[in-house]
């Protein structure tokens, strides 16, 4: 029995299609919503029904609670899946969905409201015995206090905005002389971005890596953690490559964060999917809790590969009030998975987002390859939303095998019309430092110069060959593909023509 | 020696000098880099041609829509190729330098704002004008420092990819 009849997916692009696939497989109807910019998008075509919700800017469409609830009511949906981003962690949206008599596929509004800011999250983490970074749990009043605390916990330290998100207002300070200026700057940034100037201090991890655990809970206090993911390859605090399991941690460390994550879930009565984000220092081998993401993650796919669980289906079942169908002991890690976020961005030009029509599209297939794409040939990448257009996920029996599959699949993946991050990923996969897991969150920025020279050289070689082809007249020489003559005017059946063509075809050699 | 301008489908423009030194060797200069392209002849498969640069072999396949596939991995889609005429006495280096000051439109759109006047001194990276396409504004910055010699467009005017917008000396 499917838990719902009709599920509205309040999102766009690849994640909307991913969720709709789960909805369809479970025997339910999928409803899409779209803005003017997405009128012809694949996620709209893929749904069983689709409703228009407003003009292109996200604030008037995908972030417009009223319009989305309106569409859900018109469609007689009985559940709403928020995907990631947009309204996925918005407590007022959850309340509006519940008020309209529908089920929100995610945690309840009261759980969303439990952790209002990062400092509060850290407080709960300490209470639950989850490892956190040293530093007080109160905002810092002035520079003198900041200097005193920083002296106690030791440099390097991080200044963070209590009400912040998306990496804004976070500044790393290496020594006392930089602190005063950084403190004022962080305060200013935090105030202009979030309207709150509360800053707190914590110890910074040395050679930081980003590791997160996948927490799964039902409404009855049962929890499992489907292991960890490592998302260290980032640029400007935005993840690019994610993998599971992490190549950096030991078995007992894995056990430690799994148990800590379950304690955290119990502390706040969390249910459905949640992601506990940590910074990990391979030098001191310490974990520092960062925050909990209360939604399905972009990188849930790698966990699905190594555990064999369909996380989105599970999320829908748990939201409907079903029990967790397995326990921690049932879960095993099998093989290794890597996800590449295919962003419409120019890696040669500081990752500026690209917009345009897809003029050429070839998707990789074959063993160990999964593509979660939100685009197809002829679709438009609008400039209004996230530049993530597709995700390539590869799987192998070990990390080395997964890297081999990854390079092959990236070579097979050809997207024309917009610049993408694919050429950059090909270079990363050929870097010995990546093979050995020898990287930190600063990997991309540290190697930026090497990557740009290499990418530029590759481009110039292609241009050089192109001009040579042009001047040798090879473009004109190319043969046009054999066309099958189709004529209906002579009154004869086409089957006859086809038959003659295939009998006389020189291509049939056996 | 001949001079070409190559426009990629993605809005990049390359100024390339080309010289065929013999039947199978081309000397090509892009920016300040020199490339020697060896043409090894056509491959075994239809529409396949073999090249060699810096000792590396490239199997280039030309698809029916003109897409070039390199070693079955990378691909290139060109928008157009134009030849820049060279008069007898002009030196190619000078032309290249002159052409570098020609700012061309990277996309199809409408000019919404011109931020400089003829005769203005501009620095490298300074915004010159903005072009609106699909409701998004793209700012065109100067690739070199110099004096704005000529502005060939007006505000509100529609431009095609590859149109010359501003000339800087």
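Chains as they are written, first to last, in our numbering: chain A, 728 to 1237; chain B, 78 to 246.
Note that the Cβ used here is the ideal one computed from N, Cα and C, for glycine as well.
- Sequence-ordered contacts of the segment 1085-1099 of chain A with chain B read 1086, 1087 [C-beta pairs closer than 8 Å].
- Assignment of residue 1036 (chain A) by DSSP, reduced to helix, strand and coil, places it in the coil class.
- Annotated three-state conformation of residue 795 (chain A) is helix, per DSSP.
- For residue 1166 (chain A) against residue 851 (chain A), the beta-carbon gap comes to about 31 Å, at or over 8 Å, which does not count as contact.
- For the pair residue 243 (chain B) and residue 180 (chain B), the Cα-to-Cα distance works out to about 5 Å.
- Counted as a single uninterrupted DSSP element, the stretch harbouring residue 1051 (chain A) is not any beta strand (DSSP E), since DSSP gives it neither H nor E.
- For the segment 131-153 of chain B, the set of positions with a beta-carbon nearer than 9 Å to some beta-carbon of chain A reads 131, 133, 135, 137, 139, 140, 141, 142, 143, 144, 145, 146, 147, 148, 149, 150, 151, 152, 153 in chain order.
- In the DSSP annotation of this structure, the continuous segment of the beta strand (DSSP E) that includes residue 207 (chain B) starts and ends at 204-210.
- At least one beta carbon of chain B lies nearer than 7 Å to the beta carbon of residue 1192 (chain A).
- Contacts with chain B at 7 Å (Cβ-Cβ) include residue 1195 (chain A).
- Judged by their CB atoms, residue 917 (chain A) and residue 886 (chain A) are not nearer to each other than the 7 Å cut-off.
- Closest in alpha carbon position to residue 1102 (chain A), among A:1093, A:1094, A:1086, A:1111, is A:1086.
- Chain-order list of chain A residues neighbouring residue 110 (chain B): 1187, by C-beta distance under 7 Å.
- Residue 1134 (chain A) is not a Cβ neighbour of residue 1151 (chain A), given a cutoff of 7 Å.
- Per DSSP, residue 957 (chain A) lies in no alpha helix (DSSP H); the unbroken beta strand (DSSP E) holding it starts and ends at 950-962.
- For the pair residue 229 (chain B) and residue 163 (chain B), the CB atoms are not nearer than the 7 Å cut-off.
- In summary, the residues of the segment 1139-1173 of chain A whose CB is separated from some CB of chain B by less than 9 Å are 1139, 1141, 1143, 1144, 1145, 1146, 1150, 1153, in the order they occur in the chain.
- With respect to chain B, the C-beta atom of residue 942 (chain A) has no partner C-beta closer than 7 Å.
- The Cβ of residue 1201 (chain A) sits closer than 7 Å to at least one Cβ of chain B.
- Non-local beta-carbon contacts of residue 1070 (chain A) in its own chain, meaning distances under 6 Å to residues more than five positions away in sequence, involve 1114, 1115, 1148 in chain order.
- The C-beta of residue 198 (chain B) has fewer than 16 other C-beta atoms within 10 Å across all chains shown, which makes the residue exposed.
- DSSP links residue 180 (chain B) through a beta bridge to B:243.
- By the C-beta criterion, the segment 933-944 of chain A is judged not to be in contact with the segment 896-907 of chain A, since fewer than 3 inter-stretch pairs fall below 8 Å.
- Taking 7 Å as the cut-off, the beta carbon of residue 235 (chain B) is found no closer than this to the beta carbon of residue 210 (chain B).
- The secondary-structure analysis by DSSP pairs residue 1162 (chain A) with nothing; it has no beta-bridge partner.
- A Cβ of chain A is located within less than 7 Å of the beta carbon of residue 128 (chain B).
- For residue 764 (chain A), same chain residues with a beta-carbon under 7 Å away, outside a window of 5 residues either side, are 783, 1109, 1111 in chain order.
- Rounded to whole angstroms, the separation of the alpha carbons of residue 1021 (chain A) and residue 958 (chain A) is 17 Å.
- Taking every protein chain shown into account, the CB of residue 794 (chain A) has 16 or more other CB atoms within 10 angstroms, so this residue is buried.
- For the segment 833-902 of chain A, the full-length alpha helix (DSSP H) segments reaching 4 residues or more read 836-841, 845-854, 870-880 along the chain.
- Distance check between residue 1141 (chain A) and each of A:1201, A:1153, A:1131 places A:1153 closest, using alpha-carbon atoms only.
- In this chain, the beta strand (DSSP E) harbouring residue 999 (chain A) covers 999-1008.
- For residue 1070 (chain A), no chain B residue has a C-beta closer than 8 Å to its own C-beta; the minimum C-beta separation is roughly 14 Å.
- Considering only beta carbons, no part of the segment 800-827 of chain A lies closer than 8 Å to chain B.
- Among the CB atoms of chain A, none fall inside 7 Å of the CB of residue 225 (chain B).
- Taking every protein chain shown into account, the CB of residue 1189 (chain A) has 16 or more other CB atoms within 10 angstroms, so this residue is buried.
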